[in-house]
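Protein chains in written order, with the numbering used here: chain C, -14 to 266; chain A, 3 to 399. Glycine residues also receive a C-beta, built at the ideal position from the N, C-alpha and C atoms.
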Amino acid sequence: MTKKHRIVLEAGTVDRHYWRDLWTYRGLFGFLAWRDILVRYKQTAIGIAWSAIRPLLTLAMMAFLGWLFESKVPGDVPRLLLVGAATLPWTFFSTAFSEASNSLIANSNLLTKVYFPRLIVPASTVIVCLVDFLISFIILVVLMLAYRFTPDVRLLLLPLFLLLALVTAMGSGLLVAALNVKYRDFRFLVPFIVQFGLYASPVAFTSADIFGNERIPQALKFIYALNPMVGVIDGFRWCILGGSSPLYLPAFLLSIGISLLLLVVGVRYFRSTERGFADVI
Amino acid sequence: MHTPIISVEGLSKRYLLRQQQAARYTALRDVIAENVRGLFRTAPPRMRTSEFMALNEVSFQVNAGERVGIIGRNGAGKSTLLKILSRITEPSKGRVVLEGRVASLLEVGTGFHQELTGRENIYLNGAILGMSRAEISRKFDEIVAFAEVERFLDTPVKRYSSGMYVRLAFAVAAHLEPEILIVDEVLAVGDAAFQRKCLGKMQEISAGAGRTILFVSHNMGAIRTFCERCILLDGGQVRADGPTDRVLPLYFGGGHRGGKDGVEVSARPLDPSGEWHAGTTMAIEVRWPPGRYAPGWQADIACYTLDGHKLFALQSHTMRNFDTPLQNSTGVRFDVVNPGLVDQEVRVDVGIKPSAYVAYDVLIEQALTFTPGNKGIEENRLGDVLLVPHASCTALY
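So this is what it looks like as structure tokens:
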């Protein structure tokens, strides 16, 4: 006889075993991610290359814009590398955020027919995007080789900032995914947030352009620093490009704070609405 | 002494029905608009919702190893009960204690992905149903053999025939090993041979390993052969709970009533068992207010399967020995001998017209539904024999 499992179902009680359940269902987590990776590029001619092409196109466009509007390039860093170090985390965030937001609805047939901790669905979506990110990282490696650019020891801290990007994407993705179940308005809002975010984050330009510009009022700088992707992207640049891309510490910390707050709020809201998903979706 | 593996106490599930909006989800705009309006208003907002109790104070216990059938008409609350037990939705009130792992099969092929191959879907579906990778690998060959899809394992399931698809999906589910298995109407798919195979497999699971099975079906033949105990739900409440042969007659006997526009329709099996076995008679009565129809009226009944195939129709004016120009009739009674219908639920439509060659005055679609019993019918048989039944017709006064 297997060991006793005892499940008590009552109205409105918080699931005490939620995190244990999440561990039990880790296999499903893997399978969902694996399914999405398998299915993602089925019946496409160039397959997985898409995960590199999309950021590559963004990179080209943003570098062109930066050049056009004369965004300053610090030190002797090639512009393509500067923009590349920002495009990759941005692409990761934007795809992870938009796909996680939509993930519950896309899997509504599962939600109404089987039990599992719902957190698995958006989380596995984010992981799929992480795989895409790792593949697209080749772009950066190629650029570094082409420019004979050697990063310094700070590159070792990059996983920390990748984690920060993950936290940001997960937090916002969970929040919007849960909201989307009830308010489908977010289906229209999300593409707009992503589009807007690309111009509100230091991709085409650098944070130095913002903070070093006296024309920009202090309040606007503060609002800019509230964008959690500012911290992520500045961190990426700081790790990859070295000393020529300094961190603006107060803004950087604020940005990280927002990321963590998003995660806490996202998880809590998700958990509090999760049990009703099957009834409203 | 048995300890119950499932105990359900005072379980209720309330749904709010929106009266005007058809949309199932709210638009943020409405919520904001409602709240803004609320700011300028002192009276509470007008309620546009009404409550619907899908389950109302349901209590029962199931012991380990029992096979329990959950039966009831559409809308009786069966699916809601299963959804709560499977933890898909939470109860509004009451308490459920489950002493063991639960696997539920509410739909065949949940989570199957069209683009993935049979092999990939076995793993995916297994994981969704709660199996570990090792468990699936161990049972992989067995699953494939059961589904009879060896040759198509590496073909995307979107190219499968619907039969293959269903077989594969059921095969995965049939190899689950939970302590409690919850199965919703999944045998409705697949051909008769496969249905029997599935039932056999479920029986094996339950008998061999002492697993508890909750089984919902409209197929009373399957319920009868498979479950020793039945719970009859009606309007969200438990109407009967006991040995299958005691509960089934209540399912067959009760509730065969319908009506519209002053016309009442009822059905009553004449066999003492309370069921409509092949060869026994069902009395279907159609009654209307006295004086409503002058001599020359016609009453017709038609019997369909639930998926819409017409089985037979009877028209009062074409029936032997029946004289339609009768004075002062208040109804008509059809005595219909079951021509060999078994197991599947059928529906009866009733239509009445004041005279021939005019439109129906009253037409009641799905006036009655009932399930013919299957006593004396072998398990291995040819498909249902559909003949015009022996029937007679009597005017009522």
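Practice prompt. Identify the continuous beta strand (DSSP E) that holds A441/A and give its terminal residues.
Written response: Chain A is shown from 3 up to 399; residue 441/A falls before or after that span and cannot be answered.
Worksheet entry | CA-to-CA distance, L151/C to V252/C, given in whole angstroms | Whole-angstrom Cα-Cα distance: 14 Å.
Worksheet entry | Rounded straight-line distance, which links the Cα of M284/A to that of Y359/A | Taking the straight line joining both Cα atoms gives about 29 Å.
Discussion item. Would you call the segment 100 to 116 of chain C in contact with the segment 127 to 144 of chain C, where contact means no fewer than 3 C-beta pairs closer than 8 Å?
Written reply: At 8 Å Cβ cutoff, the stretches do not touch.
Worksheet item: What's the C-alpha gap between R248/A and V159/A?
Response: Between R248/A and V159/A, the C-alpha separation is close to 43 Å.
Worksheet item: Counting contacts by CB-CB distance shorter than 9 Å, is V218/A in contact with chain C?
Response: Taking a beta-carbon distance threshold of 9 Å, V218/A does not count as an interface residue toward chain C.
Item to complete: Run down chain A in chain order and give the residues with a C-beta less than 7 Å from the C-beta of T97/C.
Response: For T97/C, the residues of chain A that pass the 7 Å Cβ criterion are I90, in the order they occur in the chain.
Worksheet item: For the segment 2 to 20 of chain C, which residues have a beta carbon sitting closer than 7 Å to at least one beta carbon of chain A?
Response: From the segment 2 to 20 of chain C, only G12, L13, F16 and R20 have a Cβ closer than 7 Å to chain A.
Worksheet item: N94/C CB to nearest chain A CB: under 9 Å?
Response: It does; some Cβ of chain A falls within 9 Å.
Fill in: Buried versus exposed call for G96/A [16 or more other C-beta atoms within 10 Å across all chains shown]
Buried, since its Cβ has 16 or more Cβ neighbours within 10 Å.
Discussion item. Is G132/A close to chain C? Criterion is C-beta to C-beta, closer than 9 Å.
Written reply: Yes - at least one Cβ of chain C is within 9 Å of the one on G132/A.
Discussion item. My output table needs one value for D137/C: the three-state DSSP class, helix, strand or coil.
Written reply: In the displayed model, D137/C falls within coil according to three-state DSSP, outside both helix and strand.
Worksheet item: Along chain A, in chain order, which residues have C-beta atoms closer than 8 Å to that of L23/C?
Response: The answer, in chain order, is E117, L118 and E122.
Fill in: 8 Å Cβ shell around T97/C - same chain, five flanking residues per side excluded
Excluding sequence positions up to five before and after T97/C, its CB lies within less than 8 Å of the CB of A263 and I266, all in the same chain and listed in chain order.
Practice prompt. Just tell me which of P235/C, I201/C, L174/C and G197/C has its CA closest to the CA of A29/A.
Written response: Ranked by Cα distance from A29/A, the options P235/C, I201/C, L174/C and G197/C are led by L174/C.
Discussion item. On the DSSP letters alone, give me the boundaries of the beta strand (DSSP E) that E367/A sits inside.
Written reply: E367/A -> beta strand (DSSP E) spans V364 to F372.
Discussion item. Let's test the definition: count the other Cβ atoms within 10 Å of the Cβ of V58/C and tell me whether it reaches 16, buried, or not, exposed.
Written reply: Its Cβ being crowded by 16 or more others within 10 Å, V58/C is buried.
Worksheet entry | Whole-angstrom C-beta distance between I(-8)/C and L100/A, which should lie under 8 Å | Right, the Cβ-Cβ distance comes to about 4 Å (below 8 Å), so this counts as a contact.
Fill in: CA nearest to the CA of S331/A, picked from L398/A, P341/A and R169/A
Comparing alpha carbon positions, the residue from L398/A, P341/A and R169/A closest to S331/A is L398/A.
Worksheet item: Can you give the beta carbon distance from D186/A to L107/A, rounded, assuming they're within the 8 Å contact cut?
Response: Contact check for D186/A and L107/A: beta-carbon distance about 7 Å, within the 8 Å limit, so the pair qualifies.
Worksheet item: What does a CB cutoff of less than 6 Å around G71/A pick up in its chain, not counting 5 residues either side in sequence?
Response: F217, I225, C229 and C232, listed in sequence order.
Worksheet item: Mapping DSSP to helix, strand and coil, what is C224/C?
Response: DSSP places C224/C within a helical segment (H, G or I) once states are collapsed to three.
Practice prompt. For my contact list, L248/C and G156/C are in at a C-beta cut-off of 8 Å; report their separation, rounded to the angstrom.
Written response: Their Cβ separation, rounded to whole angstroms, is 4 Å, which keeps L248/C and G156/C in contact under 8 Å.
Worksheet item: Going by Cα to Cα distance, which pick from R64/C, Y26/C and V106/C is closest to L128/C?
Response: Nearest to L128/C by alpha-carbon distance, out of R64/C, Y26/C and V106/C, is R64/C.
Worksheet item: Quick one: is K141/A near chain C, going by C-beta distance under 9 Å?
Response: Chain C places no beta carbon closer than 9 Å to that of K141/A, leaving this residue out of the contacts.
Worksheet item: How many Å lie between N212/C and I120/C at the Cα?
Response: N212/C and I120/C: Cα-Cα distance of roughly 26 Å.
Worksheet item: Could you give the C-beta distance for F134/C and L66/C, rounded to a whole number, given that I count them as a contact under 8 Å?
Response: Contact holds; Cβ gap of about 6 Å.
Discussion item. With distance defined between alpha-carbon atoms, name the residue in I241/C, Y233/C and G12/C nearest to D194/C.
Written reply: Per the Cα distances, Y233/C.
Worksheet item: Alpha carbon to alpha carbon, what distance is there between H115/A and I218/C?
Response: If I take the Cα positions, the gap works out to 36 Å.
Fill in: Host beta strand (DSSP E) of L216/A (start-end)
Counting along the chain, the unbroken beta strand (DSSP E) around L216/A starts and ends at T214 to V218.
Discussion item. If I measure Cβ to Cβ from L13/A and keep anything under 8 Å in the same chain, skipping five residues before and after, which residues do I get?
Written reply: The answer, listed in chain order, is L57, E59, V60, S61, L83, I86, P93, K95, G96, R97 and V98.
Practice prompt. Under 7 Å between beta-carbons, which chain A residues line up against R253/C? List them in chain order, please.
Written response: Within chain A, no C-beta atom comes nearer than 7 Å to that of R253/C; the closest sits roughly 18 Å away.
Discussion item. Is there a C-beta anywhere in chain A that falls below 9 Å from the one on R260/C?
Written reply: By this cut-off, R260/C is an interface position.
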